[in-house]
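In this note's numbering, the protein residues as written are 140 to 1058. For reference, the structure discussed in these notes is given below.
Structure (structure tokens):
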């Protein structure tokens, strides 16, 4: 027997460095192998069970994928091949407009009557409202005829002394211990000073609030981050430590500027365990300051502005002290601006961007920038606050949508706005007030009386725009042009009823955008479409609709332009005016918006004083104005009393003017040709999709049927094929392993009740009876049963003929739904129901998805029935591996002790032998 030495990497001893068999000559490793063989067999059986369970999961997921693909392809509103959509089948009918004005009207579908659009007087439009960006931010460009201008909100005082702190640079914190997954950065501006450690900690925490850390699936930010992740605190010893509630580890991983010297004691940040810096110690003088003039500070720091002009960005250095040496007051400010202008010209060329001092009085420079009309610019600086640029550190010709509502609505008391409440899963308001991540109250932002978002002073304007444009409840969209610095609000719906309303003075939307003035030049009211049409040769007269898409007898007609009326040189419809009359044929006049009628008698107009009943005579002068006399010939004056009655008396102080009410009538072009429609069949697209649907269904149905009806493969000895172990595969070729595995996978889902039930439901769905079943059979879609498998058959010739003869009947056989009011479901809804029950991956999950999970429903990947089985098997394997390891440790200890005893006996025997030999 060979003597064993140090165990190999494949030894049962693993990493145990065991010397075996040296004294006893026994193969102890083999002996232990035999002793633990029962454990190894148990672990091997569990591993095979795990493999088979994984195969089951993969098989289910394959079917889920096919089911989901079928649903997405043929029943989703997002699909171009949606066989549940009536509009898809409208493609079978090709509708062509006919006539001289055919380009101005289009249609889809087949009408049950002959339709002609005789003329279109007016297209439907949505209400629009245009607003200058200066209404929101007065520092943005006011567009003149030849230039755009924007100015800083504050001034640059070159004489002003500022405090410069010894502390500057940045501090980076690593969160997550040695394997940090998140990094938080705190920047220290040397122009910001701190009286003590508490103020410094407040600044650190303020910056931490604005960042985020993700732990698992939850992201922390704002107050939540401080309370649950990391927060700076001042200890009793004056050191700054970092609270770590979750005990994940926080340390300093980086430092720039003077931070290392002033807060880290000169130590270099390290990621190495035992050397990590986990607290800050303020050096002597760390928070000390020194005074410096603004001019000196900008000069010594090499301050600059980053200028983006018409898409090109360049860094332009600000003038130094030499540029204004010996000058003071207004002269110095002018020289400073002039020197800066030269630098801008050097960067962009003369005349591209002009800088000036809007103040010009020597009491500080208020930068104003001008560019030619059509240009845009953005000017920023890290020293923006000192330069007078305000909180955003930028001056732009356009509205900076990154600004917060607090910045744009300075002086507004947000607490006066309507408070927002948390919404439940159905969008209903609860009794709980809504707050942001920092616990600050949110307010309801309403447009047209509907809430489109919940915001506060910290919300960026861009967030408001996104909400208005993406929220399905929003009835108004907003667009913004940098070139014109103009916002355009557009109602979602067209028609005279469309509107744009930001609410009253207490509304946040009105506070931001201003109340909508419907009489202002920037507001355009919505209008209805007005057209004339004829059905089967009978004129319907003038028709009014709120949309340009009009449904008429099953055909959808789209109006694209006006025609059928006389127009001027600019294409505007011409109108003729005629004075309006009441139902009795009397002429109508308007007095302060109140209409009153007058009779004509002998060239005079006869009005009635509606209180006294007396007749008053009216005359229209050369200037078009009405004058009145009573029956005695005395002049009297018209007025309207509180009851809207027309009165006449000699008091001219309350007189109102009367004017004729005129009706405008568009002048028809009697020679204009109407638009008619011609329909024909165009079935190729539908035929191709239905044909492919049948093939996809048959493949899916076959896989489902085969999965639960195929028996597992058996070996010649009657045993079933089981998954191979790694030891089994060692002595097999790659092709042999592949063939064996295929046989082992066969019938893995044999007898599965869920699959059998699904298949039965699908078979019932395609074996339709009644009106829709008959229509499908007439259209060449029939059921075939062969070799135990029920499939669909497709006869293309019959299908084309059915589409040509009665496309609506074919359409209904596919698209009908009881939910939509039909008596029975069509084919696609009948198929969708069982596929949803077993394979749905969105919203409520299908039976098979809950059972096996699916990549199409990520939340189910690690939360499904089979995964739980796998986890239990893993736990079992781990438990038996632990048992085996314990047994190995036990036997190893025993044999090691035996070896030691034998070695001792051998040593003693050798000693006695030597004694006897020496005696």
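All C-beta atoms in this analysis are idealised placements derived from N, C-alpha and C, irrespective of residue type, glycine included.
Look at the beta carbons and you see the stretch 963 to 970 not touching the stretch 170 to 178: under three pairs across the two are nearer than 8 Å.
Taking the Cα positions, residue 379 is about 36 Å away from residue 554. Taking C-alpha positions only, residue 828 is separated from residue 196 by approximately 31 Å. When rounded, the separation of the alpha-carbon atoms in residue 670 and residue 811 is 13 Å. Shortest Cα-Cα distance from residue 496 to any of 237, 295 and 341 involves 295. Looking at the backbone, the Cα of residue 404 and that of residue 524 are separated by about 31 Å.
In the pairwise beta carbon analysis, the stretch 417 to 437 is classified as touching the stretch 298 to 318: at least three pairs are separated by under 8 Å. Rounded to the nearest whole angstrom, the CA to CA distance from residue 922 to residue 616 is 50 Å.
Residue 801: member of the beta strand (DSSP E) spanning 801 to 805, first to last residue. With a cutoff of 8 Å on beta-carbon distance, residue 727 and residue 739 are scored as not near each other.
Here residue 614 is buried, its C-beta having at least 16 other C-beta atoms within 10 Å. Take residue 559, set aside five residues on each side of it, and the residues of its chain with a beta-carbon closer than 6 Å to its own are 573, 581, 582, 583 and 593, in chain order. If only uninterrupted beta strand (DSSP E) runs of at least 3 residues are considered, those enclosed by the stretch 433 to 511 are 443 to 448, 451 to 456, 493 to 496 and 506 to 511. A check of alpha carbon separations from residue 477 across 450, 508, 834 and 453 identifies 508 as the nearest. Here residue 329 is actually not in contact with residue 344; their C-beta atoms are around 20 Å apart, not less than 8 Å. Within the same chain, and ignoring the five residues on either side of residue 542 in sequence, the residues whose Cβ sits closer than 6 Å to its Cβ are 531 and 600. Annotation: the continuous alpha helix (DSSP H) that includes residue 209 extends over 176 to 213. Between residue 954 and residue 228, the CB-CB gap stays under 8 Å. Among the bridge pairs identified by DSSP, residue 728 is matched with 735 and 799. The stretch 967 to 1006 is shown to contain whole alpha helix (DSSP H) runs of 4 or more residues at 986 to 991, in chain order.
In the assembly as shown, residue 439 is an exposed residue. Its beta-carbon has fewer than 16 other beta-carbons within 10 Å. For residue 743, there is no enclosing alpha helix (DSSP H); the residue is found in the beta strand (DSSP E) stretching over 743 to 747. Within the model, the alpha-carbon separation for residue 513 versus residue 279 is close to 14 Å.
Out of 602, 692, 311 and 1021, the CA that lies nearest to the CA of residue 409 is found in 311.
By the CB criterion at 8 Å, residue 263 and residue 633 fall inside the cutoff. Residue 900 sits in a helix when the DSSP states are folded into three classes. Taking the Cα positions, residue 769 is about 17 Å away from residue 736. Residue 370 carries a strand assignment under DSSP once its states are collapsed to helix, strand and coil.
Three or more Cβ pairs closer than 8 Å define a contact, and the stretch 359 to 366 meets that threshold against the stretch 564 to 579. Listed in chain order, the alpha helix (DSSP H) runs fully inside the stretch 1004 to 1040 amount to none, counting runs of at least 4 residues. Judged by their CB atoms, residue 862 and residue 889 are not nearer to each other than the 8 Å cut-off. Residue burial is scored here from C-beta neighbours: residue 533 has at least 16 other C-beta atoms within 10 angstroms and is therefore classed as buried. In the structure shown, residue 831 falls within a helical segment according to DSSP collapsed to helix, strand and coil.
C-alpha of residue 743 to C-alpha of residue 775: approximately 15 Å in a straight line. The beta carbon of residue 730 is closer than 7 Å to those of 777, 779, 785, 795 and 797 in its chain, skipping five residues each way along the sequence.
Contact between residue 804 and residue 267 fails: their C-beta atoms lie close to 27 Å from each other, not under 8 Å.
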